[in-house]
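Numbering (the numbering used here), first residue to last: 5 to 383.
Note that CB positions come from ideal geometry on N, CA and C, so glycine has one too.
Here's the structure we're looking at; comments come further down.
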């Protein structure tokens, strides 16, 4: 019997993937994706890290140019003529009078001279009435503009901020225990643990750190109304590179301050009074000092970095003069970032370094102080 031969024009029978082959292919693709995705994410984070460090380097260049031109470093807070904060419970100078932070004074050295010329130094960042020049924008209007140099690409934008001029960075206040404890009187008498307050030993200071005095019976509001320049004594709130006795390469100037890592107190009591866990009434630091002035553009090295909640200084000694400590929305926060494992810092010599969040606290505090002559160990 003669077998039938296949015509040369007849197509060969098709053979598709079996179910097993399809599953194996999918598994191989999944493995490849799982191997490549972390590498892509790490590459993107490395790029964001590089941009963040470059931002801090630019801030460092501006800081050195300012010092070369002016002969000193900008104070942490220049007080304007006084604009009351509408947030309830904030009865202290940090909130009662809005302040102008160092970033504003660096504007002419960061290609932002126009914004600086428009800024009204006699008023704080919340003023929406009196522009710095006729027909110009008010401070509150200027505050709506974020500065690219102050934005880390790893930090997401805050949700519906009151003043969108937010920042990813803040200035080093060094070691201090709590904000000002007094509503009136001579601060020189109150710099002690008895009052739950210590002076800053960082690069950027305020007039509090120089020991302000005013009549004991006067409130801060009355004192400010009597003399709008009482806060701005240059001898009390300005430092020089020569004041950094620990060495410029061993002292922090600024670091990252991620706005989303501020959740409030870790303690449920303040000076023996129960307060519960209170969230901070702010979206975080601002480049313009609009939300709370210097308070929201500073970091302390008395608290470990990257903590989502800040401790509040607790004291057991009763204030002999009956003056109140800052009792609302004022926990202490250190520097914090979205970068895994640590934070980028600008040192006073203009260099930028990434420090581990597990840094020894004695080393961390030493890097924050300007003139305690500590021996710096491993970072």
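- Separation of residue 246 and residue 176 (C-alpha to C-alpha, rounded to the nearest whole angstrom) is 17 Å.
- C-alpha of residue 62 to C-alpha of residue 107: approximately 12 Å in a straight line.
- At the C-beta level, residue 205 and residue 366 stay beyond 8 Å of one another.
- Relative to residue 368, the option among 355, 347, 160 whose CA is nearest is 347.
- Under the three-state reduction of DSSP output, residue 368 falls in the helix class.
- In the displayed model, residue 27 falls within a helix according to three-state DSSP.
- Taking residue 256 as reference, the option from 45, 67, 51, 46 with the minimal CA-CA separation is 67.
- Excluding its 5 nearest sequence neighbours in each direction, residue 253 has C-beta neighbours in its own chain below 8 Å: 351, 352, 353, 355, listed in chain order.
- Looking from the CA of residue 78, the closest CA among 174, 55, 242, 340 belongs to 242.
- The C-alpha of residue 153 lies about 11 Å from the C-alpha of residue 64.
- Taking a contact as a CB-CB distance under 8 Å, the pair residue 260 and residue 170 does not count as one, their CB atoms being some 13 Å apart.
- Counting along the chain, no alpha helix (DSSP H) covers residue 161, and no H or E run does either.
- Relative to the Cα of residue 71, the nearest Cα in the group 344, 143, 208, 44 belongs to 208.
- For residue 256, the three-state secondary structure derived from DSSP is strand.
- DSSP places residue 145 in the uninterrupted alpha helix (DSSP H) bounded by 143-146.
- When DSSP states are grouped into helix, strand and coil, residue 342 belongs to the coil group.
- When the five nearest sequence neighbours on each side are left out, the beta carbons in the same chain lying within less than 6 Å of the beta carbon of residue 55 are those of 157, in order along the chain.
- By the Cβ rule, the stretch 136-144 counts as touching the stretch 117-126, because three or more pairs are nearer than 8 Å.
- Sequence-distant partners of residue 359 (beyond 5 residues in either direction) whose C-beta falls short of 7 Å from its own C-beta, in its chain, are 346, 347, 349, 383.
- Taking a C-beta distance under 8 Å as the contact criterion, residue 341 and residue 310 qualify as a contact pair.
- DSSP places residue 360 inside the beta strand (DSSP E), whose first and last residues are 356-360.
- Of the candidates 49, 113, 27, 127, 113 places its Cα closest to the Cα of residue 73.
- With respect to the C-alpha of residue 145, the residue from 160, 129, 155, 151 having the closest C-alpha is 129.
- With contacts defined by Cβ atoms closer than 8 Å, residue 357 and residue 179 do not form a contacting pair.
- DSSP, reduced to helix, strand and coil, places residue 176 within a strand of the structure shown.
- A direct Cα-to-Cα measurement between residue 371 and residue 44 gives close to 34 Å.
- In the structure shown, residue 347 falls within a strand segment according to DSSP collapsed to helix, strand and coil.
- One alpha carbon belongs to residue 105, the other to residue 111, and they sit about 11 Å apart.
- Here residue 170 carries a strand assignment [DSSP, helix/strand/coil].
- DSSP places residue 303 in the uninterrupted beta strand (DSSP E) bounded by 302-304.
- Excluding its 5 nearest sequence neighbours in each direction, residue 344 has C-beta neighbours in its own chain below 8 Å: 49, listed in chain order.
- For residue 261, DSSP records a beta bridge to 340.
- Spanning the alpha carbons of residue 258 and residue 148 requires a straight line of approximately 23 Å.
- Taking a contact as a CB-CB distance under 8 Å, the pair residue 151 and residue 302 does not count as one, their CB atoms being some 17 Å apart.
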